[in-house]
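These notes concern the structure reproduced below.
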Amino acid sequence: MYIIKNALKCIGRSKGRNILIGIIALVIAVSACIGLSIRQAAESAKSSTLEGMSVTASISFDRQAMMREMRQSSDSSASGGTQDGAFDREQFKDLMNGGTALTLDEYQTYAEAESVEDFYYTLTAYFDGSDNLEAVSSEADTETETESSSGTPGGGMNFGRGKGDRMGNMSTGDFTVIGYSGDNAMTAFQSGTTSISDGAVFSEGTEERLCLISEELAAYNELTVGDKITLTNPDSEAETYELTVSGIYKNNEANDLSVSMFGVGQDPANRIYLSAAALQGILDASASVSEKVTDETTGRETETAVGSSLSATYVFADADAYHRFEDEVRTLGLDDSYTVSSADLTAFENSLTPLNTLSKTAGWFLLVILLIGAVILVVLNIFNIRERKYEIGVLTAMGMKKGKVALQFLTEILVVTMAAILIGAGVGAVSAVPVTNALLANQVESQQSSLQQMENSFGRGGNFKGGMQTAAPNAPNDLPDDLPNGGGRGGVTRLGQNVSNYITEVNSAMNFTVLLQLLGIGLLLTIAAGAVSVLFVMRYDPLKILANRD
Amino acid sequence: MEILTLQDICFSYGKVPVLKDVNYRFETGKMYCIIGRSGAGKTTLLSLLSGLAAPNSGSILYDGKDIAKQDKYAFRSKYIGVIFQNFNLITKFTALENVMLSMDIAGVKGKGKRQKAMELLSGVGLDEDEANRRVLKLSGGQQQRVAIARALSYDPQIILADEPTGNLDGETQKEIMNIFRKLTEQEKCVILVSHSPEVAAVCDEKYELQKLSGKNNSKEKAIS
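Okay, structure coming up:
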């Protein structure tokens, strides 16, 4: 007890020296506090957002992996042959047509994985209009049919025909008809970006041919709820399907009209929604009357049945469940040539990039500050202990054990350092948020200007690797605008079609963890500086000190 | 009662012998003086007696027990009170704090420490104002008194003083010697190390150390 009393007395009696040590410890504490706060903000922004975010994922065919595999197998088989590892295009086409798309049954099998919280899918098919239904278009002739032989979209969109079990050419029509497996699949309606302005959404899972049309389409064709519309198979004009308008919807977000240049069917106004069961009924009916036709120019044989694409989405409670799902589907039999990906998780990770970069820089900064601070404190303490050599001699001559003398010196350093750390924590708590936000703003700005520079150099937008990996176009909408820990998003960079929603500010950075870490740093510094005291005290001989004094 | 005994003590600094076959006995209730010229080994003997140094050979017995086999820190802090020639006080502390610190180191318990320290300081002639002054602001004589009070603070049996009157005027010397005399009346053993014949004259017994020279080293002992 008297050791502590003595230590406090000594601190009070050597104010100048202790204020100097305190100032250095304070500078270290404030710097460390800001550094730790930045790291903590990055960590909590990540964990708390992930906590509150349900993750969606899809399974898609990994075409690149298949091509790599083909190249490897051709390399090994070409050891004695003449092909010498050349890429076999025909084999590739055969493989792609031979069933890369997963069937609904397969998707549903994987949906049974424990980690899956919810599962839904959408069916997409293209139809042409009829006399009572004309697509919204600025073009003079909407009847011009666009034949597309391209299209293997990623993100789980597996194009096929009939039951979607093989790849094939699919005619695009004037209307994109989307069938939803349930209410949960209608994400645009759930998020409020699309809402019903008249009538109501068809019942979940109904086989009745009830549909929703856009306000623009309704106005363009003078349609109201209860009217009937007729869709035509783009490949067979005689094949028509009648639907009843159960509701009219409006898009609450501005439409990007540039997409309509890819075909009127791409125009959001020409989307018709109905239940997946109803659409499947139409597709089955179409398949039953399908005929084989041979293309005159290419000589390829195709069927007239309406083609469809299936897009399945798995919903998980959190990111951990998503990662578990990746393993679970493999045990359920998913082939390695398919990948599981989550667009919203990728988008979220991209949004954290400036904060993560700042966090990494802060980590190095912290390390340098700590090293320099520790060296300064140790040197100061060496001077201190040498100056107090006589005092050590007197105390030990009086019978105070060296261990106790060392403990008194340690206590002195600990008290001064901890006081500085606590003041530093206070100063840090006040300044951490503005400093973090200012640094973060710089970071975001530098990344955006780097992107801008690249965009200028290229003369167009794009997804540049050197700057920022930009997020999937639709993904940022799925992320919460306000982070649970009180942060915010902003700094939207529009670059071609790619948009990144960076986290540009944090509202709270200092917390109990940071305080504990600061105290830990204080202890470490005390131990570093104190170890010198202990060494000196232990090797001093009181008799020599006092004799030299004499 | 014999409290401290030196048996065949030899000590040398490297190859230079300082003490050889020293055999002294100290009893309680008596005042001893160890005299000798400069370089005779007086301070070395004081270091040995206070447990700050250990002899090359021979034993120092405190109450019949070899102090080499005891905890030296405990011996220094509890059983012997040393008044150094240059006082060796903690200069940043007040007189009172110096006295109380030595009580703390000795492990003196209880609430009356402050009062006892004040009594001790008052006993050696320091008033309350002087007691609460930092020792650097006290005169040499006052510091000497603080050092005496500090040595007495934990009630040791032996009081050891190195040149206790060296820096003091005649009047103060007299007062200090009176304090030591009073201590012998309290059955303390007072050992003074001095080169002053006046100090030796008022002591009950004196031991004289003579400087060892070359190979003809011999112990010197004189009892008056």
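If you read the sequences in order, they're chains A and B. Quick note: to get my numbering, add 42 to the position in the first sequence (first position is 1). Quick note: to get my numbering, add 385 to the position in the second sequence (first position is 1). C-beta: ideal position from N, C-alpha, C; glycine also.
Residue i classed as buried or exposed, judged by whether at least 16 other C-beta atoms fall within 10 angstroms
i: Arg81 of chain A; result: buried
i: Glu548 of chain B; result: buried
i: Lys573 of chain B; result: buried
i: Ser191 of chain A; result: Its pLDDT being 38, under 50, Ser191 of chain A is placed unreliably in this model, and the coordinates cannot settle the point.
i: Phe103 of chain A; result: buried
i: Glu281 of chain A; result: buried
i: Thr429 of chain B; result: buried
i: Lys454 of chain B; result: exposed
i: Glu185 of chain A; result: Residue placement at Glu185 of chain A is flagged as unreliable, the pLDDT there being 46, under the threshold of 50; the coordinate-derived value follows with that caveat. Exposed, by the Cβ-count rule.
i: Ala586 of chain B; result: exposed
i: Gln559 of chain A; result: buried
Among the options, nearest to residue i - alpha-carbon criterion
i: Ala347 of chain A; options: A:Leu449, A:Glu338, A:Tyr356, A:Val331; result: A:Val331
i: Glu570 of chain B; options: B:Leu481, B:Met416, B:Asp448; result: B:Met416
i: Ala49 of chain A; options: A:Phe451, A:Ala167, A:Glu338, A:Asp269; result: A:Phe451
i: Tyr162 of chain A; options: A:Ala354, A:Leu464, A:Met460, A:Leu585; result: A:Ala354
i: Glu279 of chain A; options: A:Ser328, A:Thr286, A:Asn426; result: A:Ser328
i: Asn484 of chain A; options: A:Gln559, A:Ile45, A:Thr399, A:Thr272; result: A:Thr399
i: Pro440 of chain B; options: B:Asn471, B:Leu404, B:Lys463; result: B:Leu404
i: Leu265 of chain A; options: A:Glu246, A:Ser288, A:Asp277; result: A:Ser288
i: Asn392 of chain A; options: A:Lys88, A:Leu78, A:Ile66, A:Gly54; result: A:Lys88
i: Ser233 of chain A; options: A:Gly323, A:Gly349, A:Asn293, A:Val382; result: A:Asn293
i: Asn471 of chain B; options: B:Ala546, B:Thr557, B:Val575, B:Gln392; result: B:Ala546
i: Cys395 of chain B; options: B:Tyr409, B:Leu389, B:Met386, B:Glu387; result: B:Tyr409
i: Ser487 of chain B; options: A:Val436, A:Ala404, A:Gln559; result: A:Val436
i: Phe425 of chain A; options: A:Arg366, A:Ile63, A:Gly564, A:Asp269; result: A:Ile63
i: Leu577 of chain B; options: B:Met503, B:Ile419, B:Glu504; result: B:Ile419
i: Arg461 of chain B; options: B:Leu437, B:Phe469, B:Asn517, B:Gln528; result: B:Leu437
i: Ala573 of chain A; options: A:Ala480, A:Val357, A:Ile427; result: A:Ile427
i: Ala385 of chain A; options: A:Ile66, A:Leu273, A:Val97; result: A:Val97
Residue-level contact to chain A via CB, residue i, 8 Å cutoff
i: Tyr458 of chain B; result: yes
i: Asn441 of chain B; result: no
i: Asn517 of chain B; result: no
i: Ile475 of chain B; result: yes
i: Ser487 of chain B; result: yes
i: Ile490 of chain B; result: yes
i: Ser579 of chain B; result: no
i: Leu437 of chain B; result: yes
i: Arg422 of chain B; result: no
i: Arg461 of chain B; result: yes
i: Ser432 of chain B; result: yes
Residue range of the alpha helix (DSSP H) that includes residue i
i: Met562 of chain B; result: 555-570
i: Met485 of chain B; result: 480-491
i: Tyr44 of chain A; result: 44-55
i: Pro582 of chain B; result: 582-587
i: Ser27 of chain A; result: Because residue 27 of chain A is not part of the residues shown, which for chain A are 43 to 592, the question remains open.
i: Thr395 of chain A; result: 395-429
i: Lys427 of chain B; result: 427-434
i: Val574 of chain A; result: 554-581
i: Arg366 of chain A; result: 361-373
i: Lys405 of chain B; result: Per DSSP, Lys405 of chain B belongs to no alpha helix (DSSP H); it is in the beta strand (DSSP E), 401-407.
i: Tyr539 of chain B; result: Unbroken run through Tyr539 of chain B: none, as it is neither H nor E.
Host beta strand (DSSP E) of residue i (start-end)
i: Lys334 of chain A; result: 334-336
i: Thr218 of chain A; result: 217-222
i: Ala167 of chain A; result: 158-169
i: Cys253 of chain A; result: 252-256
i: Gly293 of chain A; result: The displayed chain sequence assigns Asn, not Gly, to residue 293 of chain A. Per DSSP, Asn293 of chain A belongs to the beta strand (DSSP E) from 278-293.
i: Gly466 of chain B; result: 465-468
i: Thr98 of chain A; result: 97-103
Contact with chain B by residue i, beta-carbon distance below 8 Å
i: Lys402 of chain A; result: no
i: Ala439 of chain A; result: yes
i: Gly442 of chain A; result: Note that residue 442 of chain A is Met in the sequence shown here, rather than Gly. For Met442 of chain A, the answer is yes, since a Cβ of chain B falls inside 8 Å of its Cβ.
i: Tyr44 of chain A; result: yes
i: Glu454 of chain A; result: no
i: Pro584 of chain A; result: yes
i: Arg55 of chain A; result: yes
i: Leu588 of chain A; result: yes
i: Asn48 of chain A; result: yes
i: Glu433 of chain A; result: yes
i: Val436 of chain A; result: yes
> At what residue ranges does the segment 430-511 of chain A contain a whole run of the alpha helix (DSSP H), taking only runs of 4 or more?
Replying inline: 431-439, 444-500
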